[in-house]
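For the protein sequence lines, the chains are A and B, in the order given. In terms of this note's numbering, the first sequence opens at residue 1 and continues consecutively. In terms of this note's numbering, the second sequence opens at residue 1 and continues consecutively.
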Amino acid sequence: GESVGLHLPTLSVQEGDNSIINCAYSNSASDYFIWYKQESGKGPQFIIDIRSNMDKRQGQRVTVLLNKTVKHLSLQIAATQPGDSAVYFCAERGGSEKLVFGKGTKLTVNP
Amino acid sequence: GAVVSQHPSWVICKSGTSVKIECRSLDFQATTMFWYRQFPKQSLMLMATSNEGSKATYEQGVEKDKFLINHASLTLSTLTVTSAHPEDSSFYICSARAPLGGGAPDTQYFGPGTRLTVL
Chain A
1 GESVGLHLPT LSVQEGDNSI INCAYSNSAS DYFIWYKQES GKGPQFIIDI RSNMDKRQGQ
61 RVTVLLNKTV KHLSLQIAAT QPGDSAVYFC AERGGSEKLV FGKGTKLTVN P
Chain B
1 GAVVSQHPSW VICKSGTSVK IECRSLDFQA TTMFWYRQFP KQSLMLMATS NEGSKATYEQ
61 GVEKDKFLIN HASLTLSTLT VTSAHPEDSS FYICSARAPL GGGAPDTQYF GPGTRLTVL
């Protein structure tokens, strides 16, 4: 069945460093992937997305990489700031309009 | 753009009562909205897909008679937790599908969530 998982449940970085959050997915038919940021007690916030016909997409301080060969997705955050501390979820869409969410990685940025 | 609101943001109720949660798309029309439940330190679990003007589609294991969903207009979906029990205590989040524009696929924008505590 469809499932999206994570390599690391927690990640701690120093302010100013680059962060890399990983995600593994199992549905090779998934055509669309999204990264969300969720702060404590709030709903998920859209960060960046990527279609399956791309392998890289850049936004402001964030880059998403997609490796379909090994079914791996990553989110890179440049110059991580304390405000980036949150739980990050990857989500995939596998042929229907429904999203399947991964378990989440908690990012802590130390000043 | 693509702002989704929820009301209330938190609610405490007694066991056996019913609670209604509203989800509104503020600056766009959403033919499809989704309801998720999230337990502490866990991911989001899709409960149901709410389609305007038709019956909701529930995920396996979600009781449709307990979690009543109504999508009465293109900007409003409601989730009613009937005869709530302590095990229903959770963070309920809705999302609405909206186009990103520029030919990008529709994506889901989330509301701020509703914290339900059943005593």
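Beta carbons: idealized from backbone N, C-alpha and C, even for Gly.
At a cut-off of 8 Å, the C-beta of B:T107 has a neighbouring C-beta in chain A. For A:D49, the closest Cβ of chain B is nearer than 8 Å. Here A:A29 is exposed: its Cβ has fewer than 16 other Cβ atoms, across all protein chains shown, within 10 Å. The segment 77 to 92 of chain A and the segment 8 to 24 of chain A touch, with no fewer than 3 CB-CB distances between them shorter than 8 Å. Within the same chain, Cβ atoms closer than 6 Å to the Cβ of A:D17 are found at T80, the five residues on either side in sequence being excluded. Taking the C-beta atoms as reference points, B:L116 is found nearer than 8 Å to B:V81. Burial is judged here by how many other beta carbons sit within 10 angstroms of a residue's own beta carbon; A:P44 has at least 16 and is buried.
Distance from B:Y92 to B:I21 at the Cβ level is roughly 6 Å; contact confirmed, criterion being Cβ atoms closer than 8 Å.
Ranked by how close their Cα comes to the Cα of B:L74, the residues B:Q38, B:S54, B:A48, B:F39 have B:S54 in first place. B:G113 reaches chain A at G41, K42, G43, counting residues in chain order whose Cβ is nearer than 8 Å.
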